[in-house]
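In this text, residue positions in the sequence shown follow my numbering: the first is 34, and each later residue adds one. First the structure, in the form of structure tokens, and then the observations on it.
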Amino acid sequence: MAAYIFRRLLLMIPTLLGIMLVSFTIIQFAPGGPIERIIAQLTGTEVSATARIGGAAGGDLGQSASNLSGADAGVASKYRGAQGLDPEFIKQLEVQFGFDKPVHERFLKMVWDFSRFEFGESYFRDVRVVDLILEKMPVSISLGLWTTFLTYLISLPLGIAKAVRDGSRFDIWTSAAIIVGYAIPGFLFAVFLIVLFAGGTYFDVFPLRGLTSENFDEMSWFGQARDYLWHIALPVTALVIGSFATTSLLTKNSFLDEIKKQYVVTARAKGLSAREVLYGHVFRNAMLIVIAGFPGAFVGAFFTGSLLIETIFSLDGLGLLSYESILNRDYPVVFGTLYIFGLLGLVITLISDLTYTWIDPRIDFETREV
């Protein structure tokens, strides 16, 4: 097993390199960029653009803005909207953002920095990307862990119960409820919860925004735990309501397939009780396919599934950070969060494979090609 883990860890390196190369290449052809954004802010109505730029270029923004008409109008520029701006000012921006270097040098520098978890500084937030990710990560971890935990806590016993009672009234009614819950978008259910329970129209039971209260640090440990659960209740409920449908039906179908196999008939013929057959023989085999979906479920809840929920409940997590960074062309944050999510997905996939051997010791990855 140690050799298998070592091989999988080595394979993470080219996988991460491929993710970085593809994303870096796409960014090169994507329209717009941080320089274009600054030019648009500078030539438009948003005067606060100067407050977001540091370094050498930031000190010359005012002077360059005052000399817009003095620059040669016929100067060719590769940046849209840069006509009329001082070419020296554009060069200063390129130096500040590192665009004065060739593409391959920028990519190799990014690879070297990312290998040391050095993601640089945000273009427009004046803070290190690592600090920014660490600041937002508790929110996303809370949503991802609680959503995944509650989803499996509900789905596994429900799926097993549906498999044992296949075709019964319980199976039919729970299937109808699952389908209805799955059909309702999570963000729409989140709005419904806010209107109903967060002071929207009816009850004012739960807070509308944030992960904790303002006086959180002044509370006792019990008060902090209660305050945290009080804030996380509605967003996690909105995420779980549509997440457990797939896992429940997958669990049911997996158990049904195993129950119909010959070894189950043999176990029953030996006089084993239904519970001994279900949990002593069927469970380990049926759970393999369910565990296979765990990495995707966790990563989905950790990032993509929580994007709209973070926005609706004003939870400043990694999903919202990544989305805003893409819109703002904040490339260090975009690449940094993408790298973290890619690494997280690969590690969780490895953990999932190791869980296979824990549930069914007959599986031996040592004898298989990675």
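The beta carbon of each residue, even a glycine, is placed where N, CA and C say it ideally should be. Being a predicted model, the structure only gives us computed values, none of them experimental.
Nearest-angstrom Cα separation, counted from residue j out to residue i
{"i": "D133", "j": "L165", "result": "26 Å"}
{"i": "G306", "j": "S175", "result": "Residue identity differs from the one stated: residue 306 is Ser in this sequence, not Gly. Going from the Cα of S306 to the Cα of S175 covers about 40 Å."}
{"i": "G256", "j": "Q61", "result": "49 Å"}
{"i": "A271", "j": "I227", "result": "10 Å"}
{"i": "I193", "j": "F222", "result": "27 Å"}
{"i": "I409", "j": "V298", "result": "Limits of the chain in this structure are 34 at one end and 403 at the other, which puts residue 409 out of reach."}
{"i": "D386", "j": "I373", "result": "20 Å"}
{"i": "G103", "j": "F157", "result": "Confidence is the limiting factor: at G103 the pLDDT is only 41, short of 50, which leaves the residue's position unreliable and the question unanswerable from this model."}
{"i": "Q295", "j": "I212", "result": "32 Å"}
{"i": "V162", "j": "N361", "result": "15 Å"}
{"i": "W206", "j": "I274", "result": "16 Å"}
{"i": "G200", "j": "S208", "result": "10 Å"}
{"i": "L283", "j": "F182", "result": "16 Å"}
{"i": "E357", "j": "R139", "result": "23 Å"}
{"i": "M34", "j": "V224", "result": "47 Å"}
{"i": "I345", "j": "F220", "result": "8 Å"}
{"i": "V55", "j": "A278", "result": "33 Å"}
{"i": "P135", "j": "F39", "result": "35 Å"}
{"i": "S148", "j": "A210", "result": "47 Å"}
{"i": "I59", "j": "G313", "result": "50 Å"}
{"i": "I52", "j": "G375", "result": "8 Å"}
{"i": "L101", "j": "G350", "result": "For L101, the pLDDT reaches just 43, beneath the cut-off of 50, and the residue's location in the model is therefore unreliable, although a value from the coordinates is still provided. The alpha-carbon atoms of L101 and G350 are separated by roughly 39 Å."}
{"i": "T388", "j": "I324", "result": "8 Å"}
{"i": "E154", "j": "V367", "result": "11 Å"}
{"i": "G304", "j": "D290", "result": "21 Å"}
{"i": "I384", "j": "D237", "result": "41 Å"}
{"i": "R301", "j": "R41", "result": "40 Å"}
{"i": "L311", "j": "F203", "result": "19 Å"}
{"i": "E308", "j": "G232", "result": "The amino acid at residue 308 is misidentified as Glu; the sequence shows Arg. Distance between the alpha carbons of R308 and G232: 47 Å."}
{"i": "F230", "j": "L191", "result": "27 Å"}
{"i": "L262", "j": "L379", "result": "30 Å"}
{"i": "L44", "j": "Y37", "result": "11 Å"}
{"i": "G66", "j": "F150", "result": "24 Å"}
{"i": "D260", "j": "Y235", "result": "22 Å"}
Among the options, the one whose alpha carbon lies nearest that of residue i
{"i": "F239", "options": "A266, F222 and N248", "result": "A266"}
{"i": "F410", "options": "H264, R301, A319 and Y312", "result": "No answer is possible for residue 410: it lies beyond the span of the chain, which begins at 34 and ends at 403."}
{"i": "G243", "options": "Y356, K169 and T207", "result": "K169"}
{"i": "G369", "options": "V197, R259 and G352", "result": "G352"}
{"i": "D146", "options": "P365, L186 and P135", "result": "P365"}
{"i": "L371", "options": "F152, A36 and W179", "result": "F152"}
{"i": "T390", "options": "G375, G378 and I322", "result": "I322"}
{"i": "Y185", "options": "H137, S276, S355 and M53", "result": "S276"}
{"i": "W405", "options": "S281, G350, V269 and D363", "result": "Since the first and last residues shown for the chain are 34 and 403, residue 405 lies out of range."}
{"i": "L348", "options": "Y235, T388 and S246", "result": "S246"}
{"i": "L377", "options": "I46, A36 and Y37", "result": "I46"}
{"i": "L189", "options": "I52, L44 and R317", "result": "R317"}
{"i": "L160", "options": "I384, V380 and D363", "result": "The identity of residue 160 in the sequence shown is Val, whereas the question assumes Leu. Answer by Cα proximity: D363."}
{"i": "V172", "options": "H264, I324, V315 and Y235", "result": "H264"}
{"i": "V144", "options": "G350, F57 and F236", "result": "F57"}
{"i": "S281", "options": "V315, K195 and L311", "result": "K195"}
{"i": "G315", "options": "D237, G232, S155 and I292", "result": "The sequence given here has Val at residue 315, not Gly. Residue I292 is the option with its Cα nearest to V315."}
{"i": "A330", "options": "I384, G177, I187 and V310", "result": "G177"}
{"i": "V197", "options": "K285, F150 and A231", "result": "K285"}
{"i": "L354", "options": "A231, F230, L167 and R308", "result": "L167"}
{"i": "L141", "options": "R259, I359 and L50", "result": "L50"}
DSSP bridge partner residues for residue i (one or two, in chain order)
{"i": "E154", "result": "R161"}
{"i": "D237", "result": "A231"}
Cβ-heavy atom distance, residue i to the ligand HEM, below 7 Å
{"i": "L191", "result": "This structure lacks the ligand HEM; in fact it carries no ligand of any kind."}
Chain B within 8 Å of residue i, Cβ atoms only
{"i": "L282", "result": "The structure shown has no chain B; it contains just one protein chain."}
field: the segment 212 to 221 contacting the segment 246 to 257, beta-carbon criterion three pairs below 8 Å
entry: Touching, no.
- request: Tell me the start and end of each unbroken alpha helix (DSSP H) in the segment 249 to 301 that is at least 4 residues and wholly inside, in chain order.
  value: Taken in chain order, the whole alpha helix (DSSP H) runs of length 4 or more contained in the segment 249 to 301 are 254 to 273 and 277 to 292.
Within the segment 158 to 199, ranges of the alpha helix (DSSP H) (whole runs, at least 4 residues): 162 to 197, all fully within the segment 158 to 199.
- prompt: What runs of the alpha helix (DSSP H), each 4 residues or longer, lie entirely inside the segment 335 to 388?
  reply: Runs of the alpha helix (DSSP H) inside the segment 335 to 388: 340 to 345 and 351 to 361.
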